[in-house]
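Residues in the sequence shown are numbered consecutively from 0, following numbering that gives the first Met the number 0.
Worksheet for the structure shown next.
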Amino acid sequence: MKLSNVTRLTSAAKMLNHPLYKSAKSGHLLDARKLVLDILPKPYRFTHLEGFVCPVMKQSGNKIPLAMAEIFSLNSELRICTDVFLKPSTHSSTMIDRLHYLPEYTGVIKPGNYVILDDVYTSGSTLITLKHHLESQSGSVIAAYTLGSSKSTLFQPDRFMFQTLYSRFPGIDNYFDLNLLTSPQIVYLLHFHSINSIQERYYQNCLSLLYQ
């Protein structure tokens, strides 16, 4: 199932400026619950949702998506999926790095409808690879929610975006899995003049990380 947009529930500023944000981001579940309850408006809006809710989860660290999932579950017919985890990665979260090294997930799921959650939406690679992981096991992702995001909440690209990308970069599918590109990533790629300039930017980013 294609999702055109991610639903932004509040603002990144409200989350980042909350006094419990750092604690919740570092793995304190109780503080994450308090944070989400403080800034999430109108939780009763989720009553129509049924199936499973799958947050972006790591084995350790950020508990905000899990706290979101708990609120969704309490206010709907959704059951929390706790079997899927984001694999550890040593790569940075920059847009150029996420284009070359996609997030990976582990975990077996039950077939059914899924709502996916993350605390913030920027490049979209974390959510779209979670969607791909669930759908590879007969899951159907029906919606995606985040607390905050960048200005645009566009998620999966439309035909016009792909046509523009192909026109600018013939052979782009030899470099990237187009099924896992998000709208923000395509907008980012269209700022470059050639495939070579994209690769040069990536190598520059690798060097800067190496010498930090």
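Think of the CB as a built atom: it goes at the ideal place given N, C-alpha and C, for glycine as much as any other residue.
For this session: Would you tell me roughly how many angstroms separate the C-alpha atoms of A31 and T46, rounded to the nearest one?
Result: Locating residue 31 in the sequence shown gives position 32, counting from the first residue. Locating residue 46 in the sequence shown gives position 47, counting from the first residue. T46 has its alpha-carbon roughly 22 Å from the corresponding atom of A31.
Exercise. Which residue comes first and which comes last in the alpha helix (DSSP H) that contains V35?
Worked result: Locating residue 35 in the sequence shown gives position 36, where the first residue counts as 1. First-last of the alpha helix (DSSP H) with V35: L28 to I38.
Exercise. Rounded C-beta distance between Y120 and R7? I'm assuming under 8 Å.
Worked result: Here residue 120 corresponds to residue number 121 of the sequence shown, with the count starting at 1. Here residue 7 corresponds to residue number 8 of the sequence shown, with the count starting at 1. The Cβ separation is near 7 Å, so the contact holds.
Exercise. Excluding five sequence neighbours on each side, which residues of the same chain lie with their C-beta closer than 7 Å to the C-beta of S72?
Worked result: By 1-based counting over the sequence shown, the position of residue 72 is 73. Cβ neighbours of S72 beyond the five flanking positions: V52, R78 and I79.
Exercise. Between K130 and T105, is the Cβ-Cβ spacing less than 7 Å?
Worked result: Working through the sequence shown from its first residue, we reach residue 130 at position 131. Working through the sequence shown from its first residue, we reach residue 105 at position 106. Contact flag unset, no.
Exercise. Leaving out the 5 sequence neighbours to the left and right, which residues in its chain are closer than 7 Å to D37 when beta-carbon positions are compared?
Worked result: On the sequence shown, position 38 is the one that residue 37 refers to. Taken in chain order, the residues that qualify are H17.
For this session: Please classify V107: is it buried, with 16 or more other beta-carbons within 10 angstroms of its beta-carbon, or exposed?
Result: By 1-based counting over the sequence shown, the position of residue 107 is 108. Result: exposed.
Exercise. Quick check: the region 110-117 against the region 140-152, are there 3 or more CB pairs under 8 Å?
Worked result: yes
For this session: Go ahead and pull the three-state DSSP assignment for I141.
Result: Here residue 141 refers to the residue found at position 142 when the sequence shown is read from its first residue. Note: I141 maps to strand in three-state DSSP.
Exercise. Between which two residues does the beta strand (DSSP E) containing D118 stretch?
Worked result: As a working note, residue 118 is residue 119 in the sequence shown. That run of the beta strand (DSSP E) goes G111 to Y120.
For this session: Decide if the region 93-103 is in contact with the region 150-157; the criterion is three or more beta carbon pairs, one per stretch, under 8 Å apart.
Result: no
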